[in-house]
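Participant: Residue numbering for the sequence shown follows numbering that gives the first Met the number 0, beginning at 0 and increasing consecutively.
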Amino acid sequence: MEIGFSNEKYINEQTDFILNRVSRFQKLYLEFGGKLFGDKHAARVLPGYDEDIKTTLLEKMKDEMEVIVTIHAQDIISNKLNNNTGLTYEKECIRLIERLKKRGIKINSVVINRYKKDENVDRFAALLRGSNMPVYLHETTEGFPSDVDKILSEDGFGKHPYVETTRKIIVVTGPGPGSGKMTTCLSQLYHEYKRGVKAGYAKFETFPVWNLPLKHELNLAYEAATADLSDVNQIDPFHLESYGEVSVNYNRDIEAFPILKKILDRIMGEEFYKSPTDMGVNRIKSGIIDEEVVKEASRQEIIRRYLKALFVFKVTHQNEPEMQRIKRLMEELNLKVEDRKSLVAAREKKEKLMSESNFSGNVTAIEIEDGTIITGKDSELMDSAAASVLNALKHISNIPDDLHLIDKAILEPIKEVKGIIEKKNGPVLNVEEVLICLATSKMFNPSARICIENLAKLRGLRGHSTGMLNITDIDIFRKLDIDLTSDYKDRGEIIKL
Numbered sequence: 000m001e002i003g004f005s006n007e008k009y010i011n012e013q014t015d016f017i018l019n020r021v022s023r024f025q026k027l028y029l030e031f032g033g034k035l036f037g038d039k040h041a042a043r044v045l046p047g048y049d050e051d052i053k054t055t056l057l058e059k060m061k062d063e064m065e066v067i068v069t070i071h072a073q074d075i076i077s078n079k080l081n082n083n084t085g086l087t088y089e090k091e092c093i094r095l096i097e098r099l100k101k102r103g104i105k106i107n108s109v110v111i112n113r114y115k116k117d118e119n120v121d122r123f124a125a126l127l128r129g130s131n132m133p134v135y136l137h138e139t140t141e142g143f144p145s146d147v148d149k150i151l152s153e154d155g156f157g158k159h160p161y162v163e164t165t166r167k168i169i170v171v172t173g174p175g176p177g178s179g180k181m182t183t184c185l186s187q188l189y190h191e192y193k194r195g196v197k198a199g200y201a202k203f204e205t206f207p208v209w210n211l212p213l214k215h216e217l218n219l220a221y222e223a224a225t226a227d228l229s230d231v232n233q234i235d236p237f238h239l240e241s242y243g244e245v246s247v248n249y250n251r252d253i254e255a256f257p258i259l260k261k262i263l264d265r266i267m268g269e270e271f272y273k274s275p276t277d278m279g280v281n282r283i284k285s286g287i288i289d290e291e292v293v294k295e296a297s298r299q300e301i302i303r304r305y306l307k308a309l310f311v312f313k314v315t316h317q318n319e320p321e322m323q324r325i326k327r328l329m330e331e332l333n334l335k336v337e338d339r340k341s342l343v344a345a346r347e348k349k350e351k352l353m354s355e356s357n358f359s360g361n362v363t364a365i366e367i368e369d370g371t372i373i374t375g376k377d378s379e380l381m382d383s384a385a386a387s388v389l390n391a392l393k394h395i396s397n398i399p400d401d402l403h404l405i406d407k408a409i410l411e412p413i414k415e416v417k418g419i420i421e422k423k424n425g426p427v428l429n430v431e432e433v434l435i436c437l438a439t440s441k442m443f444n445p446s447a448r449i450c451i452e453n454l455a456k457l458r459g460l461r462g463h464s465t466g467m468l469n470i471t472d473i474d475i476f477r478k479l480d481i482d483l484t485s486d487y488k489d490r491g492e493i494i495k496l
């Protein structure tokens, strides 16, 4: 993989920049957006980016820092799911706490925002307290966000219990969007100034990148990623007016800034920030070491997002606005789906097979790091996804294509048992089953052992299928970190990729 991003350069500059911001205050409340762990979008558009680097950043500052985790009460009541992990927000909250603790990062407490009496919310609070985690219940702030006088009174933030903190940096994060991070920060600032503590506020967001052009591919890839939210990147008019400098932010932050500024100015007694850009501490650009690599990766991400949105639209007919927004981004950059090499290879292979025989199955293609495109097709033995993974492992491991990795003595009994379970004649093996067969074969087949050892080299590769894969194959591709897109072909299942 061509590298476009240096983690070392980035983390050094990002740490210094945050600590410099901290030096202006006695305490800094840092609203931490995005994914702390597993930021796969950033890893796709910034080749070389460590998807857990934000946590590494927190580790570097852990002696001066503690974390407040926020969660919205309604997300507990509704069992809201995190789209990236599939976990409920409350489970994701606990998972986040546990993972940060394993890194030696101090968790101060959990704040449940917009609290209202509810059995599920109270049960969750009791569960946390039972594990010695302090919990603070913040009811809905009267007047928020427009009535500043009410907000900054004993009937507003004054009703929220103050979260006791002891360190200079307080990171405020949550299990997903809408958890109340900003409100918690502002409430704490209100109480800090009541106590005579000069505290500050800053915002950590990876995207959009403020000091790259508005129409830079990296920023447009962020728009594609948030097309379902209707987020749009814009020139920050407040920054332009105050400094005569062009910077990029997104519409929701720009729209919210006037009222946020008014609240901050009133709490702090002076003007610290003239624009949304001022509040941010994003230093992503400092880590970019090959802009062309980043641009191409971002273009591929936009194509990927479009294909996925198009697939969902064809299956459900429910996300047309999102799909059309990404399509406009494609047109803006003169992109077409055929710019995805694995898509072209899969479709061409299928057309060739159809012209040569009565083939009507799927073809799956995977683009290897060296640029080679490996394909696999549906057969009586295994599906196209399994065949493509097996063939890709052969290529990566320099094993001849005609060499059989798995003995029939292993494959046939598994097929037989699968047929009995599914009550089908001639069942076809999926990716998971084929990899189990491969793992079994490694005991007596050195080539199979080499392939298993090279499984990690599939990570980050791009793939495409000419039809809808089964749920198990999709899940295994996700776990292997193979970036998969599909054409729509109805197999009686509706799968949202």
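From the three backbone atoms N, C-alpha and C, an ideal C-beta is built for every residue, glycine too.
(1) Considering only residues of the same chain and omitting the five flanking positions on each side of Q73, which have a CB-CB separation below 7 Å?
(2) Hey, F310 and S274: beta-carbon distance below 8 Å or not?
(3) Where D51 and L352 are concerned, what is the direct C-alpha to C-alpha distance, given to the nearest angstrom?
(4) Flag this pair as touching only if the segment 135-145 and the segment 88-100 have three or more C-beta atom pairs under 8 Å; answer yes or no.
(5) Classify E492: buried if its beta carbon has 16 or more other beta carbons within 10 angstroms, exposed otherwise.
(6) Going by DSSP, name the residue or residues bridged to I168.
(7) Rounded to the nearest angstrom, what separates I2 and G459 at their Cα positions?
(8) Using a 10 Å radius around the Cβ and a threshold of 16 neighbouring Cβ atoms, would you call I405 buried or exposed?
(9) Roughly how many angstroms lie between the CA atoms of V162 and L188, to the nearest whole one?
(10) Check for me: the beta strand (DSSP E) holding T374 runs from which residue to which?
(11) At 4 residues or longer, what runs of the alpha helix (DSSP H) sit wholly inside the segment 195-272?
(12) So what does DSSP say about G279, is it helix, strand or coil?
(13) According to DSSP, simplified to helix, strand and coil, what is H137?
(14) Closest to I373 by CA distance: which of E138, V362, D382, M381 is it?
(15) For the ligand SAH, I want to know if Y114 counts as a neighbour, meaning its beta carbon is within less than 7 Å of at least one of the ligand's heavy atoms.
(16) Where does V416 land, buried or exposed, given buried means 16+ other C-beta within 10 angstroms?
(17) Using alpha carbons as the reference points, say which of K456, M467, N469, D474 lies closest to M0.
(18) Between which two residues does the beta strand (DSSP E) containing A455 stretch?
(19) Could you tell me the distance, in whole angstroms, from the CA atom of E216 to the CA atom of N429?
(20) I need the straight-line Cα distance from D49 to N453, nearest angstrom please.
(21) Leaving out the 5 sequence neighbours to the left and right, which residues in its chain are closer than 6 Å to L434 when beta-carbon positions are compared?
(22) Taking the straight line between their C-alpha atoms, what separation do you get for I395 and K376?
(23) Going by DSSP, name the residue or residues bridged to M381.
(24) Let's test the definition: count the other Cβ atoms within 10 Å of the Cβ of V402 and tell me whether it reaches 16, buried, or not, exposed.
(25) Can you tell which of R265, C184, F36 has the C-alpha that lies nearest to the C-alpha of D146?
(26) How would you call M322, buried or exposed, if buried means at least 16 neighbouring beta carbons within 10 angstroms?
(27) Tell me the rounded alpha-carbon separation between D62 and R166.
(28) Looking at S246: is its Cβ nearer than 8 Å to the Cβ of T276?
(29) Measure the beta-carbon distance from L29 to V171 and round it to whole angstroms, keeping in mind my assumption that it falls under 8 Å.
(30) For E254, does the count of other Cβ atoms within 10 angstroms reach 16, so buried, or fall short, so exposed?
(31) Relative to the C-alpha of A524, which candidate in P320, R298, Q299 has its C-alpha closest?
(32) Would you list, in sequence order, the uninterrupted alpha helix (DSSP H) runs of no fewer than 4 residues that lie entirely inside the segment 306-392?
(33) Specify the secondary structure class of S498 as computed by DSSP and reduced to three states.
(34) State the DSSP-derived secondary structure class of V162, mapped to helix, strand or coil.
(35) Which one or two residues does DSSP pair with G462 in a beta bridge?
(36) Are K294 and L211 closer than 8 Å when you measure CB to CB?
Facilitator: Looking at the atomic coordinates:
(1) In the sequence shown, residue 73 corresponds to position 74, counting from 1. If we look at Q73 and ignore the five residues flanking it on each side, its Cβ neighbours are R113.
(2) Along the sequence shown, read from residue 1 onward, the residue named residue 310 stands at position 311. Along the sequence shown, read from residue 1 onward, the residue named residue 274 stands at position 275. It is not a contact, given that the beta carbons lie outside the stated cut-off.
(3) One-based indexing of the sequence shown puts residue 51 at position 52. One-based indexing of the sequence shown puts residue 352 at position 353. Going from the Cα of D51 to the Cα of L352 covers about 42 Å.
(4) These segments do not touch.
(5) Numbered from 1 along the sequence shown, position 493 holds the residue referred to as residue 492. With a pLDDT of only 41 at E492, under 50, the local geometry of the prediction cannot be trusted, and no value is derived from it.
(6) Within the sequence shown, residue 168 is the residue found at index 169, counting from 1. Per DSSP, the beta-bridge partners of I168 are L27, M64.
(7) Taking the sequence shown and counting its residues from 1, one reaches residue 2 at position 3. Taking the sequence shown and counting its residues from 1, one reaches residue 459 at position 460. Cα to Cα, the separation comes out at about 12 Å.
(8) Numbered from 1 along the sequence shown, position 406 holds the residue referred to as residue 405. Under this definition I405 is a buried residue.
(9) The residue you call residue 162 lines up with position 163 of the sequence shown. The residue you call residue 188 lines up with position 189 of the sequence shown. When rounded, the distance between both Cα atoms is 11 Å.
(10) Mapped onto the sequence shown, residue 374 falls at position 375. Per DSSP, the continuous beta strand (DSSP E) segment holding T374 begins and ends at 372-376.
(11) 216-224, 236-242, 250-267
(12) Position 280 of the sequence shown, counted from the start, is the residue given in the question as residue 279. Shown here, G279 sits in a strand according to DSSP, grouped into three states.
(13) As a position in the sequence shown, residue 137 is number 138, starting the count at 1. DSSP places H137 in strand when its eight states are reduced to three.
(14) Taking the sequence shown and counting its residues from 1, the one referred to as residue 373 is at position 374. Comparing alpha carbon positions, the residue from E138, V362, D382, M381 closest to I373 is V362.
(15) Among the components of this structure there are no ligands whatsoever, and the ligand SAH is therefore not found.
(16) Residue numbering aside, residue 416 sits at position 417 when the sequence shown is read from its first letter. With fewer than 16 Cβ atoms within 10 Å of its Cβ, V416 is classed as exposed.
(17) Within the sequence shown, the letter at position 1 stands for residue 0. Ranking K456, M467, N469, D474 by Cα distance to M0 puts K456 first.
(18) As a position in the sequence shown, residue 455 is number 456, starting the count at 1. Premise fails: A455 is in no beta strand (DSSP E) and is neither H nor E.
(19) One-based indexing of the sequence shown puts residue 216 at position 217. One-based indexing of the sequence shown puts residue 429 at position 430. Approximately 36 Å, taken between the alpha carbons.
(20) As a position in the sequence shown, residue 49 is number 50, starting the count at 1. As a position in the sequence shown, residue 453 is number 454, starting the count at 1. Cα to Cα, D49 sits roughly 20 Å from N453.
(21) By 1-based counting over the sequence shown, the position of residue 434 is 435. There are no such residues.
(22) For the purposes of this step, residue 395 is taken as the residue at position 396 of the sequence shown. For the purposes of this step, residue 376 is taken as the residue at position 377 of the sequence shown. Distance between the alpha carbons of I395 and K376 is about 19 Å.
(23) The residue you call residue 381 lines up with position 382 of the sequence shown. Answer is L428.
(24) Within the sequence shown, numbered from 1, the residue matching residue 402 stands at position 403. Per the sequence presented here, residue 402 reads as Leu, with Val not at that position. L402 is exposed by the Cβ-count criterion.
(25) Numbered from its first residue, the sequence shown carries residue 146 at position 147. Of the candidates R265, C184, F36, the one whose C-alpha sits nearest the C-alpha of D146 is R265.
(26) Translated into the one-based positions of the sequence shown, residue 322 becomes position 323. Classification of M322: buried, given that the 10 Å Cβ count is 16 or more.
(27) Residue numbering aside, residue 62 sits at position 63 when the sequence shown is read from its first letter. Residue numbering aside, residue 166 sits at position 167 when the sequence shown is read from its first letter. Between D62 and R166, the C-alpha separation is close to 8 Å.
(28) Along the sequence shown, read from residue 1 onward, the residue named residue 246 stands at position 247. Along the sequence shown, read from residue 1 onward, the residue named residue 276 stands at position 277. Yes.
(29) Working through the sequence shown from its first residue, we reach residue 29 at position 30. Working through the sequence shown from its first residue, we reach residue 171 at position 172. The Cβ separation is near 7 Å, so the contact holds.
(30) Numbered from its first residue, the sequence shown carries residue 254 at position 255. Per the 10 Å Cβ criterion, exposed.
(31) Nothing in the structure corresponds to residue 524, since the chain is present only between 0 and 496.
(32) 319-331, 340-355
(33) In this structure the chain extends from 0 to 496, so residue 498 is not present and cannot be described.
(34) If you number the sequence shown from 1, residue 162 lands on position 163. V162 falls in the coil class under three-state DSSP.
(35) Here the question's residue 462 lines up with position 463 in the sequence shown. Its beta-bridge partners are I365, L483.
(36) Here residue 294 refers to the residue found at position 295 of the sequence shown. Here residue 211 refers to the residue found at position 212 of the sequence shown. For K294 and L211, no; Cβs fall outside 8 Å.
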